[in-house]
Amino acid sequence: MLNASLTVDPAYTIGTVDPRLYGSFVEHMGRCVYTGIYEPGHPSANGDGFRQDVAELVRELGVPIVRYPGGNFVSNYRWEDGIGPVADRPRRLDLAWRSLETNEVGVGEFMTWARAAGVDPMMAVNLGTRGLEAARDLVEYCNLPGGTYWSDLRGGDPYGIKVWCLGNEMDGPWQTGHKTAEEYARIAVETAKAMRQVDPSIELVACGSSNRAMPTFGSWEATVLKEAYEAVDYISAHAYYQQHGDDRASFLAVATDMDAFIEEVVATADHVRAVKRQSKRIHISFDEWNVWYQSRFVGETNLEVEQTPRLIEDVYSVTDAVVVGNLLISLLRHADRVKIGCLAQLVNVIAPIMTEPGGAVWKQASFHPFALTARYGQGTALQTVASAPSVPTSLYGDVPVIDSVAVSSPDGVVIFAVNRSLDDSVALDVDLRSLPSLSAASHTALFDDDPDAVNTAASPDRVAPKTVDDPKIDGGRLQAVLPPLSWNMIRVS
Ligand code: AHR
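Quick note on numbering: the working numbering labels position 429 of the sequence shown as 429, and the sequence is numbered without any gaps.
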């Protein structure tokens with residue numbers, strides 16, 4: 001048993017948690033849309049063809065905003081293909097995933113789904129093969145009440161889409177229409193201007209780096225923001241993590257990489273702010289993040305053009321779920337600057353929710369820390385001041401065995417913590433003396449004797465959170481035991 005201590009004090013405020021931190025992402029990729037959220041023949045499908053068993057889990061997951069329609073897909077997408085009578089819509093080759101796109105689901109169908117599922121849309125425009133004109137028309141189609149060509153084609157109430165992404169991963173050579181930072185910055189500024197000329201109330205996200213290891217990371221953000229600082233509200237960040245070989249210890253520490261990534265983007269944005277004598281701050285939209293075993297993806301590349309290929313349907317283990325919980329801790333720790341987060345993706349494609357066509361829906365192990373954090377991690381994020389032993393990792397050096405953050409609200413305080421030790425429990429002592437009114441606590445944790453245990457259609461509840469013995473509170477100090485390799489939520493009220 002290891003020992004660690006934390007101090008939780010309402011004075012150690014990080015910032016208000018924007019509920020959009022708990023967003024997700026639906027891309028026209030693999031089976032995320034078709035046989036994921038949409039499957040007209042499924043027994044649970046509603047009149048619009050959307051699976052209600054899936055929508056129910058989306059609501060339970062607690063995502064308030066969903067990015068759409070890509071991802072790499074958007075960089076070759078004509079949004080006009082997805083409007084009008086479905087029978088007349090073209091079948092296109094999607095270049096990102098070499099798939100057949102039937103366009104049965106377009107922006108109108110997505111909005112129908114989003115409204116029923118209770119989520120706000122976050123729309124990406126194509127700055128790969130298209131540009132300003134198509135983006136401007138899409139804003140008019142979605143957000144103008146009527147009386148113009150595109151808004152009249154839509155009919156009905158405007159969609160009122162608030163957050164828009166100016167392209168996707170435009171720094172990536174794999175992107176159709178990949179651009180240099182200078183090329184992207186110019187098109188982003190002019191597209192932003194035209195989109196705001198249609199609807200001045202929208203918020204705009206400029207593409208940041210596709211990951212922290214990109215050779216252009218840092219200089220890309222600086223170049224884009226020097227040109228586009230005034231034109232945008234957010235810069236994006238994307239990150240996917242996986243366990244390499246049997247190095248579980250490093251994998252359990254990947255949140256240190258996410259921390260560094262966020263802090264470097266913030267530093268770059270604030271440098272440009274200083275140079276430009278700007279008062280506004282650029283916030284981060286971490287609009288793709290998750291565990292993704294990209295090393296397995298090579299063999300999945302689609303050479304046959306199929307309609308719904310099974311692409312990157314990673315099955316998540318207890319270890320993966322603990323890492324997802326830790327990445328959420330990292331996002332909360334930066335709640336002052338990260339305002340939007342999108343777990344990529346929502347259904348089937350590296351997703352917390354899985355389906356079988358015509359069959360079951362179930363929760364992956366990673367569903368649980370996400371849903372519980374989204375539900376209880378609302379309020380004001382608080383820094384936890386920790387004293388804990390270190391664990392050695394080959395990729396990140398020595399890291400604290402406990403990683404944690406707290407969130408306070410009128411209901412009390414919630415502590416989210418991971419124990420990164422593979423073998424040892426941690427006896428945790430929490431100093432709550434500055435919160436004397438808090439007296440009762442509960443402890444929920446995700447852990448298992450088998451860190452590789454997973455959920456499947458046949459065993460959908462093999463991995464689920466467990467209630468641990470209620471922590472004791474005495475004299476303003478809380479005592480809890482965090483099991484080895486675990487994600488933990490301690491609610492104090
Ligand atoms: O989420 C899968 C893919 O990962 C997205 O399409 C792309 O933006 C990223 O590289």
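Backbone N, C-alpha and C fix where the C-beta goes; we use that ideal spot for every residue, glycine too.
Secondary structure at residue 148: coil, using DSSP grouped into helix, strand and coil. Under the three-state reduction of DSSP, residue 275 is assigned to helix. Residues 372, 376, 414, 416, 444 of the same chain have their beta carbon placed closer than 7 Å to that of residue 489, with the five preceding and five following residues left out of the count.
Take the alpha-carbon of residue 356 and the one of residue 286: they are about 29 Å apart.
Here residue 423 has 484 as same chain residues with Cβ atoms under 8 Å from its own Cβ, once five neighbours each way along the sequence are excluded.
Proximity of the beta carbon of residue 188 to the ligand AHR is not indicated: no heavy atom of the ligand is located closer than 6 Å. DSSP links residue 166 through a beta bridge to 125, 206. For the pair residue 82 and residue 27, the CB atoms are not nearer than the 7 Å cut-off. Residue state for residue 491 is assigned as strand, using DSSP reduced to three classes. Rounded to whole angstroms, the separation of the alpha carbons of residue 397 and residue 250 is 9 Å. Within 6 Å of the C-beta of residue 313 there is not a single heavy atom belonging to the ligand AHR. By the Cβ-count criterion, residue 191 is buried, with 16 or more other Cβ atoms from all chains shown falling within 10 Å of its own Cβ.
An exposed status is given to residue 310, since fewer than 16 other beta-carbon atoms sit within 10 Å of its beta-carbon.
For residue 250, the enclosing alpha helix (DSSP H) stretches over residues 248-251. Ranked by Cα distance from residue 170, the options 186, 137, 209 are led by 209. Beyond the five residues adjoining it in sequence on each side, residue 9 comes within less than 6 Å, by CB distance, of 434 in the same chain, given in chain order. Residue 454 is positioned such that its CB atom lies closer than 7 Å to that of residue 317. Secondary structure of residue 193 (DSSP, three-state): helix. Sequence-distant partners of residue 148 (beyond 5 residues in either direction) whose C-beta falls short of 7 Å from its own C-beta, in its chain, are 140. Under DSSP, residue 472 forms a beta bridge with 479. When the beta-carbon positions are compared, residue 473 and residue 439 come within less than 7 Å of each other. In this structure, the straight-line span from the alpha carbon of residue 386 to that of residue 5 is close to 6 Å.
For residue 54, the enclosing alpha helix (DSSP H) begins and ends at 52-61.
Under the DSSP assignment, residue 139 falls in the alpha helix (DSSP H) whose first and last residues are 132-143. Residue 294 sits in a helix when the DSSP states are folded into three classes. Secondary structure at residue 93: strand, using DSSP grouped into helix, strand and coil.
Burial check for residue 93: the Cβ neighbour count within 10 Å stays below 16, so the residue is exposed. Three or more beta-carbon pairs separated by less than 8 Å are not found between the stretch 94-102 and the stretch 38-45, which leaves the two stretches without contact.
Using a 10 angstroms sphere on the CB of residue 297, the tally of other CB atoms stays under 16, which defines it as exposed.
DSSP places residue 112 inside the alpha helix (DSSP H), whose first and last residues are 107-117. Taking the CA atoms as reference points, residue 145 sits about 18 Å from residue 134. Between residue 339 and the set 368, 262, 405, the nearest pair of CA atoms involves 262. Comparing C-alpha distances from residue 252 to each of 332, 288, 392, 229 shows the shortest one belongs to 392.
Within the DSSP secondary-structure output, residue 354 pairs in a beta bridge with 362. The beta-bridge partner set that DSSP reports for residue 392 consists of 398.
Looking at 23, 281, 67, 150, the one whose alpha-carbon comes closest to that of residue 165 is 67.
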